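Chemist: Our numbering puts the first residue of the first sequence at 39, with every later residue one more than the last.
Positions of the beta carbon are idealized from the N, C-alpha and C atoms, including for glycine.
These numbers were taken from a predicted model, which means no experiment stands behind them.
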Amino acid sequence: MIDPKLLRQSTADVAANLARRRGFHFDADAYLSLEERRKALQVETEQLQSERNSSAKSIGKAKAAGEDIAPLLAAVNDLGDRLAASETALQDVQSQIRDIELDLPNLLDDSVPDGQDESDNAEVRLWGEPTQLDFEPSDHIKLGEELGMLDFEAASKISGSRFTVMSGPLARMQRALIQLMLDTHTEEHGYTEQYVPYLVQADALFGTGNLPKFEEDLFRTTNETPYYLIPTAEVPVTNLARDAIFEADELPKHFVAHTPCFRSEAGSYGQDTRGMIRQHQFEKVELVHFVAADESMAALETLTGHAEVILQKLELPYRVIALCAGDIGFGSTKTYDIEVWLPGQQKYREISSCSNYNDFQARRMKARRRNPETGKPELIHTLNGSGVAAGRALIAVMENYQNADGSIRVPKALQPYMGGLKVISA
RNA sequence: GGAGAGAUGGCUGAGUGGUCGAAAGCGCUCCCCUGCUAAGGGAGUAAGGGCUAAUACCCCUUCGAGGGUUCGAAUCCCUCUCUCUCCGCCA
């Protein structure tokens, strides 16, 4: 959520910033007229509440003094009705304003490049060279099926499309990837590992910004108060800061969590229908930072670097891109995507997305720190990034480490996690 | 699943219709005293919001959540959630 005060006082500036985003329209005039009504109604309501309080107090005193309170009661006769009417009207306007505020994406950082879509994203750096193979590379689907270790038919029988069954060494390699990531981030980068719920309630999703706008992306249970399957560990982990006031010396906090992620993929029907790229269920290791407001831009660089280390250890070629205004996510003020080279597609594909949400989520969640100078609570900044998506990392290893005979070499960094196994073959 | 108890400020905990945003203690901050230390004295110490140039006044809201009764609710009524204890079941 954008600072309501800023929205109110600098509406035009906010609108101009948001206009850089693709397909987003902010009706500033409608907002401003609602805001005008809100102000009038709130002042009126609070005035009436104040009257009620002071008259109730005098009635109490009069009664205690044994005076006749009948005339006092008569004087406040219609106050209750007037107050109730005013309160109702105020609540109505406030909820309309809140709906607008919850619907507004985050303000973009000035460093975010202009652009309409992914073709306008800016390459920040390149690591390694696209893998050269002296044979026609296969994609992960062919490799996995020929090894007999990826079974999309079985998955479809059990759960329908966009699921995968893995078996044997390939299943183990995904687990090895997750282990490598967790160990690297906890032992070398100083993160604290978290185990968190995979089912969350709506409030948590409002906090991160997934609700109310993106409900169709989520799986929801049928309970009376429904649970939602987490679309990313970002949701439960970031919500650790909800309603909290951290002491200054408790920050920054660096959390890492491995969880499965569940996404409905509504609206992506044509894309990546084959294979393991886009699934309803996938494994991911997520990095989350809670930092003081002035530290978040530096933290974004650090966090992205931590994710990159995983690809470097796996010796997978990648590039880092800065998402342009048109491509950046709803709650992010600045995002770097890390894209790994996939020989089977002859393309770089997203394997991590690292975002600075600045105070956008913190405001929704009431995540604060105590400013040691002023002693006052102030919003923290939250960041998160994949470090990295395990399913896609598995694809990347398969395709980059394939041999002409369809076997797959195990990257050195993974071998200790796979009992020393060096090659996966049928 | 059955039976019972509870939810108040950073913590402990009092408060069953008015002067209660809330006693007291602990903790914390500042000041005083004490030649160190220990002890002692005093003051202060919730969050969110409105108004505003303002982090100044003033005002509003909040005692698990939501509704209700009342001129007035932490206190009374209803619904829900969560926590704890005992029993049962269970990875």
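By DSSP's criteria, valine 358 is part of a beta bridge. Which residues make up the other side?
Modeler: The partner list for valine 358 (beta bridge, DSSP) reads Arg163, Ile376.
Chemist: Around the Cβ of glycine 313, are there at least 16 other Cβ atoms within 10 angstroms (buried) or fewer (exposed)?
Modeler: Glycine 313 should be labelled buried.
Chemist: What's the call for lysine 322, buried or exposed, on a 16-neighbour Cβ count within 10 Å?
Modeler: Burial call: buried.
Chemist: Are the beta-carbon atoms of glutamate 184 and glycine 444 separated by less than 9 angstroms?
Modeler: Yes. Within cutoff.
Chemist: Runs of 3 residues minimum, wholly inside the segment 285–349: which ones carry the beta strand (DSSP E) assignment?
Modeler: The segment 285–349 contains these whole beta strand (DSSP E) runs: 291–300, 319–329.
Chemist: In terms of residues, what are the limits of the alpha helix (DSSP H) holding leucine 421?
Modeler: Looking at the DSSP string, leucine 421 is not in any alpha helix (DSSP H); the run it does join, the beta strand (DSSP E), is 419–427.
Chemist: Give me the residue from Arg258, Leu215, Leu243 with the minimum Cα distance to leucine 432.
Modeler: Checking every option, the nearest Cα to that of leucine 432 belongs to Leu215.
Chemist: In the segment 124–204, which residue ranges form an unbroken alpha helix (DSSP H) of at least 4 residues, counting only runs that do not cross its ends?
Modeler: Here the runs fully enclosed are 178–185, 190–197.
Chemist: If you run the structure through DSSP and keep just helix, strand and coil, what is asparagine 277?
Modeler: Here asparagine 277 sits in helix by DSSP.
Chemist: The alpha helix (DSSP H) spanning isoleucine 97 covers which residue range?
Modeler: Counting along the chain, the alpha helix (DSSP H) containing isoleucine 97 begins and ends at 66–102.
Chemist: Compute the Euclidean distance between the alpha carbons of threonine 49 and alanine 66, then round it to the nearest angstrom.
Modeler: Looking at the two C-alpha atoms, the distance is approximately 7 angstroms.
Chemist: Indicate whether methionine 436 and leucine 208 have their beta-carbon atoms separated by less than 9 angstroms.
Modeler: Yes, they are a contact pair.
Chemist: Compute the distance between the beta-carbons of serine 390 and glycine 367, then report whether it is under 9 angstroms.
Modeler: Cβ atoms of serine 390 and glycine 367: not closer than 9 angstroms.
Chemist: Should leucine 417 go down as buried or exposed, given a rule of 16 or more other Cβ atoms within 10 Å for buried?
Modeler: The residue is buried, with at least 16 neighbouring Cβ atoms inside 10 Å.
Chemist: Give me, in chain order, the residues of the same chain whose beta-carbon lies closer than 8 angstroms to that of leucine 237; leave out the 5 immediate sequence neighbours on both sides.
Modeler: Excluding residues within five positions, the ones whose Cβ falls inside 8 angstroms are Thr259, Tyr265, Tyr266, Leu267, Ile268.
Chemist: For glutamine 154, which residues from the same chain have a beta carbon less than 7 angstroms from its beta carbon, with the 5 sequence-adjacent residues on both sides left out?
Modeler: Only Arg60, Gly364 meet the Cβ criterion.
Chemist: Give the straight-line distance between the Cα atoms of phenylalanine 257 and glutamate 288, rounded to the nearest whole angstrom.
Modeler: For phenylalanine 257 and glutamate 288, the distance between alpha carbons rounds to 34 angstroms.
Chemist: Alpha carbons only, please: which of His178, Asp137, His327 is nearest the one belonging to asparagine 396?
Modeler: That would be His327, whose Cα lies nearest to the Cα of asparagine 396.
Chemist: Could you give the first and the last residue of the continuous alpha helix (DSSP H) run that contains lysine 43?
Modeler: Here the alpha helix (DSSP H) through lysine 43 covers 42–47.
Chemist: Using three-state DSSP, classify arginine 406 as helix, strand or coil.
Modeler: DSSP places arginine 406 in strand when its eight states are reduced to three.
Chemist: Taking the beta carbon of asparagine 409 as the centre, do at least 16 other beta carbons fall within 10 Å, making it buried, or is it exposed?
Modeler: With fewer than 16 other Cβ atoms within 10 Å, it is exposed.
Chemist: According to DSSP, what are the bridge partners of asparagine 394?
Modeler: Paired residues: Lys372, Leu421.
Chemist: Taking contact to mean 3 or more Cβ pairs, one atom from each stretch, closer than 8 angstroms, check whether the segment 298–317 and the segment 240–251 are in contact.
Modeler: Segments in contact, no.
Chemist: Tell me the rounded alpha-carbon separation between isoleucine 283 and glycine 104.
Modeler: Using only the alpha carbons, I get a separation of about 47 angstroms.
Chemist: Please state if the CB of alanine 360 and the CB of alanine 160 are separated by a distance shorter than 9 angstroms.
Modeler: For alanine 160 and alanine 360, yes; Cβs fall inside 9 angstroms.
Chemist: Span of the alpha helix (DSSP H) holding arginine 213?
Modeler: First-last of the alpha helix (DSSP H) with arginine 213: 206–221.
Chemist: Specify the secondary structure class of glutamine 383 as computed by DSSP and reduced to three states.
Modeler: Looking at glutamine 383 - three-state DSSP - the assignment turns out to be coil, as it is neither helix nor strand.
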